[in-house]
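Here the structure is laid out as structure tokens; the discussion comes afterwards.
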Amino acid sequence: MKLKKILFAAVSAGAMMLAAPSFAATELSVQRFFGACDADFGTNTDATKAVGECGIITSLINKFNADNPDVHVNVTTVEWPGYDQLTAQFASGDAPDIVTIHESVLSDYQSKGLLMPLDDLLKSVGVTPDAFTDAARNGATKDGKIYGLPIDSWTMLYHVNMDLFKQAGLVNADGTPIFPKSPEELLAQAEQFKQKTGKPYFVQNLTNETALYTRNLYTYLFQQDSDFFADPKHVKLNTPEAKKVVEMYKAIFEKGYTTKDLDYGGSINAFLAGEGGVHLNGTWVVGDYNAQSETKGTALNKGGYAVYPYPQLFGGAHAQYADGHTWAVSQKDRTPEQIAAIGKFLKFFADNDFEWSRTGHLPAYKAVITSDAFKALPHRNTISAVADLGRPLPSAVQRQFAIQDIIGEEMSAAISGQKDVDTALADMESRVNELLANI
Amino acid sequence: MADRLAMSPTATLAVGVRAPTADIYAPQWRNVIFVAPFLFFFTTLLLFPLLWGMWLSFHKADTFSSGNFVGLGNYARLYHDKVFLQSIWNTFYFVLLTVPTLALIGLFLALCLNRRTRTAAVLRTLFFSSSVLSVTIVTLIWRIVFIPNVGLLSTIYGWFGATAPAFISDPSLAMVGIAIATIWWCIGLPMMLFLSALQQIPQDIYEAAALDNANRWQTLRSITLPSIKRTFILVIIIQIVLQFQLFGQAWLMTRGGPNNLTKPIVLYIYDTAFRRWDLGLGAAASEILFILILVAAMAQYLVTRSRGDQA
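Note that the protein sequences, when read in sequence, are chains B and S.
Under my numbering, the first residue of the first sequence is numbered 2, with each subsequent residue one higher.
Under my numbering, the first residue of the second sequence is numbered 67, with each subsequent residue one higher.
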């Protein structure tokens, strides 16, 4: 009888010990975009060995889970940008704990009281806003409080196939590419490129796309000092400045200086296959493209890959459109353990921002952007300028993704010749204002 | 209280004595219990959302708050919204492209495969197999076909040194591209309906026609087609109701572009209500779609009924 009791006690204790870790782990639900790549990086915990946005973020979260047995992060990957799902999740009271949100979108959710202010939580884990770069801090601050942990600043770039640029004679004596300084020069260089290489100057994803068009417009409106969002509730887009930009892209389209009919994936394949000189894409592909250029036999390996901010085509401010990614936390009742776990997660990403900056995004932390390790990464000497050039829309402008869709649709119609430029600009302006008037 | 309890058995007994045969068909309140489960789900899942949608359409509401009463304001906004008017036209254009084609190809396939051979059986299965796929898979397949440079169509055109038509991005072809994918996806059901109708035509009529030396064309026109007239109308009704609700294919293949030329009403509703958070406007657009489908279904119902009476 005594033996039986001892045995029973031992078995119970053993079972408790086995079960304890899984009971104690605090569950966190994390929702993100950046793609799925579990086949390649599903079990990798060494972020230094990962490449690209998806690879690095997957590996970082794996590492966080491995380092913190008391916290378990469940990741849901959504298709970019995932805001339709997120809105539905918020509406049904089933939002994830931590979620990727663009700085340009934070105010949509923050203004409805759906996000948790992070100032105190970040302070408790030793992350203070003065560690952020100015761009990151401004982007993540709404009504004087931090509503997302910034992880980067990003913008669109000129990704260059140097082999084709050499063939086109568009290379300086020091080996750097020659870029235009005005819209006229851009068209002339694109013509020269087409003549010499037989290929279009630009590789653009013009199909199923709105973001690219809109970001291009914003950049060149900034460069003309057009204060189109002087009033965050009322846009002015039917202007001579906007017309200049749309007409420039229309000429590029009509004269065959760009690829046509490609969607996003198609445009990446086309650029990697050497089908055009300049790919207009974001900071997020720098790491991937650089890896390609180091692989023998690829189009980018032939003559090299270079990447630069958009050239200054107009006489106004030196600026280009920029945004940033953040980790935002949904507003919910939580236990102190859950809040502490969220703090750990955010601190982990703040500490590992260098790994994330290997994607090509600019770091959100002063210590990283000024570090030698960051400066030593390929192409950072040319793209770091974006830290000063980058400019978002005024943070009081709401529904920026919906506005992006409207502007993109109308620009696409004007550039491809389905609408004349004046009608498209008038429609664009009235549609955006109608949207803003009804928020 | 105690008195009443004591009284009641006597009262029941008295009623029982006076009316020994109770009418079991008489309306009784407790019968509500039998329909209650249905009524509960009907009210909560159908009636309440329907009425709430109507209520929302008269309000300026977003996803997280219901705002002020605006009367017919949302409907006035829709009336002046070029994109909404375009989306109504797109939906009708899509129905026009797909429904007759589905009916005719379905009929043609059914006529060809209405045999007892093994090849016909295999082909019937093959033609029906696309119907079991989800919209995501269907659009994925057709995007791979249509995608420029590396797609199947481009490869085939490439063999002849030609450029493939841009079914996803060309303004005049985008809707046709979506229609092709939809027809490929939906062809199974009309074919099966026609097959079952064909197999119900009595063989002796065909024998009589053969004795009268009727040729194939005469047999088809005078016997087969009149015999399956009702099925033809059924196929048309089913397909109109189905294709009016186009959403997945347009969203996944073209995102409604280029220039909103492939944006159907449902996608417009999704865009306004869930992507722009303009729930009131989205609800108003839903009411318009509701009325359109109602009118189409009623018109079809009336047409079928009068034809049925004549027959």
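Note that the Cβ used here is the ideal one computed from N, Cα and C, for glycine as well.
Quick one: list the residues of chain S neighbouring residue i, beta-carbon separation under 7 angstroms, in chain order.
i      : result
B:D262 : P214, A232 and S235
B:L436 : R342
Could you tell me whether the Cβ atoms of residue i and residue j are closer together than 8 angstroms?
i      : j      : result
B:E186 : B:Y265 : no
B:S396 : B:K143 : yes
S:F194 : S:M258 : yes
B:P310 : B:L390 : yes
S:R342 : B:A403 : yes
B:M163 : B:N282 : no
S:Q309 : S:V165 : yes
B:V286 : B:H160 : yes
S:F160 : S:L312 : yes
B:S154 : B:H362 : yes
B:A388 : B:T129 : no
S:T202 : S:L318 : yes
B:F315 : B:Y258 : no
S:P256 : S:V301 : yes
S:F130 : B:A92  : yes
S:L175 : S:I249 : no
B:P449 : B:S331 : Nothing can be reported for residue 449 of chain B: it is not among the residues displayed for chain B, which extend from 2 to 440.
S:L163 : S:L179 : no
B:A141 : B:Y148 : yes
B:E54  : B:F42  : no
B:L301 : B:W328 : no
B:G278 : B:T260 : no
So, at 6 angstroms on beta carbons, what are the nonlocal neighbours of residue i in its own chain, with the 5 sequence-adjacent residues on each side left out?
i      : result
S:I271 : I289
S:L355 : I331
B:Y219 : Y322
S:Y145 : none
S:K126 : G133, N134, V136 and G346
Which residues of chain S have a Cβ atom closer than 8 angstroms to the Cβ of residue i, listed in chain order?
i      : result
B:N439 : K126, R143, D344 and L347
B:S413 : G323, P324 and N325
B:E430 : Residues of chain S passing the Cβ test: none, with the nearest at roughly 13 angstroms.
B:E410 : G323, N325 and N326
B:R400 : R342 and W343
Just to make sure I have the definition right: I need the residues of chain B whose C-beta is within less than 9 angstroms of the C-beta of residue i. Which are they?
i      : result
S:T129 : T88, A89, F91, A92 and K113
For residue i, return the contacting residues in chain B, with the cut-off set at a CB-CB distance below 7 angstroms.
i      : result
S:F150 : None at all; the shortest Cβ gap to chain B is about 11 angstroms.
S:R341 : D85 and A403
Quick one: which chain S residues come within Cβ less than 9 angstroms of residue i?
i      : result
B:K420 : N325
B:S417 : S235, P237, P324 and N325
With a CB to CB cut of under 8 angstroms and the five nearest residues on each side skipped, what residues in its chain are close to residue i?
i      : result
B:N45  : A51, G56, T59, S60 and N63
B:I48  : A small correction: the amino acid at residue 48 of chain B is Ala; Ile does not occupy that position in the sequence shown. So the list reads I57, S60, L61, K64, N353 and E356, once near-sequence residues are dropped.
B:A427 : N239
B:L436 : R400, A403, I404 and I407
B:T360 : G53, E54, I57, D153, T284, W285, V287 and G288
Could you pull out every residue in the same chain whose Cβ sits closer than 7 angstroms to the Cβ of residue i, ignoring the five residues on either side in sequence?
i      : result
S:S235 : P324
B:N69  : K345
B:L222 : F229, E242, A243 and V246
S:G227 : none
B:P22  : Caution applies to B:P22, whose pLDDT of 46 falls short of 50 and renders its modelled position unreliable; the value that the coordinates give is listed next. These residues qualify, in order along the chain: P70.
B:T208 : D262, L263 and D264
S:Y223 : T229 and A230
Roughly how far, in whole angstroms, is the beta-carbon of residue i from the beta-carbon of residue j, given that I think they are within contact range, below 8 angstroms?
i      : j      : result
S:D147 : B:N439 : Not quite, the Cβ-Cβ distance comes to about 11 angstroms (not below 8 angstroms), so this is no contact.
B:P393 : B:A323 : 6 angstroms
B:T215 : B:I408 : 4 angstroms
S:T297 : S:A263 : 4 angstroms
B:Q190 : B:A318 : With 8 angstroms as the limit, B:Q190 and B:A318 do not qualify as a contact, their Cβ atoms being about 23 angstroms apart.
S:A349 : S:L138 : So it is not a contact: roughly 13 angstroms between Cβ atoms.
B:M429 : B:L238 : 5 angstroms
B:N206 : B:Y250 : Between B:Y250 and B:N206 the Cβ distance is about 13 angstroms, and since that is not below 8 angstroms, they are no contact.
B:L123 : B:F350 : The pair is not a contact, with the Cβ atoms about 11 angstroms apart (cut-off 8 angstroms).
(message) Any C-beta of chain S within less than 9 angstroms: which residues of the segment 190-216 of chain B qualify?
(response) L207, T208, N209, E210 and T211
(request) Output, in sequence order along the chain, the residues in the segment 62-91 of chain B whose CB is closer than 8 angstroms to any CB in chain S. (result) Y84, D85, T88, A89 and F91
(request) Taking a Cβ distance cut-off of 7 angstroms, strictly less, list which residues of the segment 308-328 of chain S are near chain B, in chain order. (result) T320, R321, G323, P324, N325 and N326
(request) Return the residues of the segment 287-307 of chain S that lie within a Cβ-Cβ distance of less than 8 angstroms from chain B, sorted by chain order. (result) none
(request) Check distances from the C-beta atoms of the segment 242-272 of chain B to those of chain S and list, in chain order, the residues that come in under 9 angstroms. (result) T260, K261, D262, L263, D264, G266, G267, N270 and A271
(message) What are the residues in the segment 151-166 of chain B lying within 8 angstroms of chain S by C-beta distance?
(response) none
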